[in-house]
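According to our numbering, the stretch in the sequence shown is residues 47 to 383, in order. Note that the Cβ used here is the ideal one computed from N, Cα and C, for glycine as well. To keep things clear, I will list the structure first and then write my remarks on it.
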Amino acid sequence: MNIQENYSLKNLNTFGIDVSAASYVEVSSTQELIEVLKLPSANNHMILGGGSNILFTKNFDGLMIKNSIRAIDVVSENDSEVVVKVGAGEVWHDFVLHCIDQGWGGIENMSLIPGVVGAAPIQNIGAYGVEQKDLFVELEALRKSDQEVLTLNAEDCQFGYRDSLFKNEGKGEYVILNVTYRLNKNNTDINTSYGAIKDVLNSKGIEQPSIKDVSDAVIEIRQSKLPDPAKIGNGGSFFKNPVVPTSVVENIKKEYPEIPTYPIDDQQTKVPAGWLIEKAGFKGQRFGEVGVHERQALVLVNYGNGKGQEIFDLSEKILITVNQQFGIKLEREVNII
Ligand code: EPU
47 MNIQENYSLK NLNTFGIDVS AASYVEVSST QELIEVLKLP SANNHMILGG GSNILFTKNF
107 DGLMIKNSIR AIDVVSENDS EVVVKVGAGE VWHDFVLHCI DQGWGGIENM SLIPGVVGAA
167 PIQNIGAYGV EQKDLFVELE ALRKSDQEVL TLNAEDCQFG YRDSLFKNEG KGEYVILNVT
227 YRLNKNNTDI NTSYGAIKDV LNSKGIEQPS IKDVSDAVIE IRQSKLPDPA KIGNGGSFFK
287 NPVVPTSVVE NIKKEYPEIP TYPIDDQQTK VPAGWLIEKA GFKGQRFGEV GVHERQALVL
347 VNYGNGKGQE IFDLSEKILI TVNQQFGIKL EREVNII
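See below:
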């Protein structure tokens with residue numbers, strides 16, 4: 047194993063925050079991971095995936111372990127579906143493209159989501175009407191306390207909207223090693239219910255889209271709205287879309303009848319945090335080296351030399367202002383270190 051001291055994390059977090067780890071090591075197998083976790087320096091460690099949902103506000107004074115366990119293996123298949131086991135260190139979008147190449151569908155709406163496969167179940171990633179839990183079969187995880195490899199199914203993982211066991215009582219207890227997904231082979235489950243996808247397909251005159259058409263449409267939408275982390279540092283949506291009592295929304299509607307809403311049930315409604323932040327006046331605002339993206343107010347950005355603390359402070363200001371204006375308390379989606 048190659049342990050490096052005082053290691054820069056600037057290229058390992060999509061916010062591009064210039065911080066360092068006291069030590070750093072990359073692991074590419076379960077065995078290697080177990081060895082590393084036995085090191086005395088692992089008493090204070092952190093597991094890093096694609097670094098796309100994390101905001102570093104300071105240097106990390108422990109051992110940063112990058113999970114680079116890779117492999118894509120077909121577990122079983124028949125005429126209509128395929129079950130695939132994917133190493134946690136595979137880049138999510140590369141896996142999506144691999145599936146589309148093979149004609150495996152169900153995952154195409156989640157094209158171009160940054161990050162690695164091992165992080166997907168942690169926050170139950172999702173986009174354009176599909177969440178990873180819809181394809182999920184099981185995952186293998188190393189339980190740190192006894193170094194046991196466990197198999198967890200969907201129920202064990204307690205998936206919710208941008209939520210799972212791994213963000214709650216299982217936080218810090220497991221390292222995800224691989225994830226198994228079920229995909230379909232016959233283009234049977236194409237989901238174009240999300241308006242923006244329909245619009246792109248219509249504009250191209252595509253009536254019966256293939257999974258590749260849907261993936262291309264999603265890529266086009268994401269590229270048009272979301273900043274490319276390679277150019278402007280960001281961590282995707284910074285906040286979750288809040289679910290609030292419908293009465294709160296009814297009140298807001300008196301002043302803003304145009305508020306977009308997604309009813310959950312009789313009593314609860316999800317509202318887009320991006321809309322609230324825009325109405326609070328933050329969209330496109332720049333504060334020195336950090337700011338709120340001009341095309342999607344849910345995304346906070348680092349223009350180059352921003353500090354994690356500056357982005358955090360901006361998020362705090364947004365939280366307070368939105369709460370004052372709408373009586374809604376936003377919740378951060380990004381992990382703050
Ligand atoms: N909106 C505004 N102003 C903004 C941004 C959005 O008014 O600045 C409005 C839009 O007009 C639309 C609504 O809010 O009516 C929803 O916007 P959008 O379709 O862009 O999606 P979102 O709710 O802002 C969520 C996910 C994204 C995912 C998209 C598409 C969360 C926290 N975010 O964003 O996920 O790509 O839907 O499915 O659920 C991520 O998690 O990092 C992420 C990018």
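Check your understanding: Within 7 Å: the Cβ of W321 and any heavy atom of the ligand EPU?
Key -> yes
Review point. Can you find a heavy atom of the ligand EPU that lies under 7 Å from the Cβ of K244?
Key: no
Practice item. Could you give the DSSP three-state label for K286: helix, strand or coil? Key: coil
Practice item. Please name the residue, chosen from G161, F141, I222, E379, that lies closest to T60 on a Cα-to-Cα basis. Key: G161
Point to revise | Extent of the continuous beta strand (DSSP E) to which D107 belongs | key: 106–113
Check your understanding: How about L188 and Y220: are their beta carbons less than 8 Å apart?
Key -> yes
**Study point:** N- and C-terminal bounds of the alpha helix (DSSP H) containing Q371
**Key:** 354–372
Practice item. Name, in chain order, the residues that DSSP records as bridge partners for S54. Key: S66
Check your understanding: Among G97, S361, G164, which residue has its Cα nearest to the Cα of S54?
Key -> G97
Point to revise | Proximity of G164 and V225 at Cβ, strictly below 8 Å | key: yes
Review point. Any chance the CB of A173 is under 7 Å from a heavy atom of the ligand EPU?
Key: yes
Review point. Since M156 sits in a beta bridge, which residues does DSSP pair it with?
Key: Looking at the DSSP assignment, M156 forms no beta bridge with any residue, so it has no partner.
Check your understanding: Across which residues does DSSP place K131 in a beta bridge pair?
Key -> D119, T226
Point to revise | Rounded separation between E296 and R208 - CA only | key: 25 Å
Review point. Can you give the Cα-Cα distance for N287 and E123, rounded to whole angstroms?
Key: 37 Å
Practice item. Give the straight-line distance between the Cα atoms of Q148 and V368, rounded to the nearest whole angstrom. Key: 45 Å
Check your understanding: Helix, strand or coil: how does DSSP classify R378 here?
Key -> strand
Exercise for review: Could you tell me how far apart the beta carbons of G152 and D235 are, in whole angstroms, since I believe they sit closer than 8 Å?
Suggested key: 5 Å
Point to revise | Buried versus exposed, by CB contacts within 10 Å (16 or more), Y174 | key: buried
Practice item. Return the first residue and the last residue of the alpha helix (DSSP H) that A319 is part of. Key: 319–325
Check your understanding: Is it the case that the CB of L101 approaches a heavy atom of the ligand EPU more closely than 7 Å?
Key -> no
Point to revise | Continuous alpha helix (DSSP H) stretch holding E266: start and end | key: 257–271
Check your understanding: Whose CA, out of L223, L109, T103, lies closest to the CA of Q50?
Key -> L109
Exercise for review: Closer than 6 Å by C-beta to Y70: which residues in its own chain qualify, once you throw out the five before and the five after it? Chain order, please.
Suggested key: Q50, Y53, M110
Review point. Would you report the Cα separation of K316 and K299, rounded to the nearest angstrom?
Key: 14 Å
Practice item. Tell me whether E296 sits in a helix, a strand or coil according to DSSP, three-state version. Key: helix
Check your understanding: Does the pairing of the region 249–260 with the region 305–316 give three or more beta-carbon distances under 8 Å?
Key -> no
Point to revise | CA nearest to the CA of I118, picked from M156, D125, F141 | key: F141
Check your understanding: Helix, strand or coil for D245 per DSSP?
Key -> helix
Review point. Should I374 and V290 be called a contact, given that it needs their Cβ atoms to be closer than 8 Å?
Key: yes
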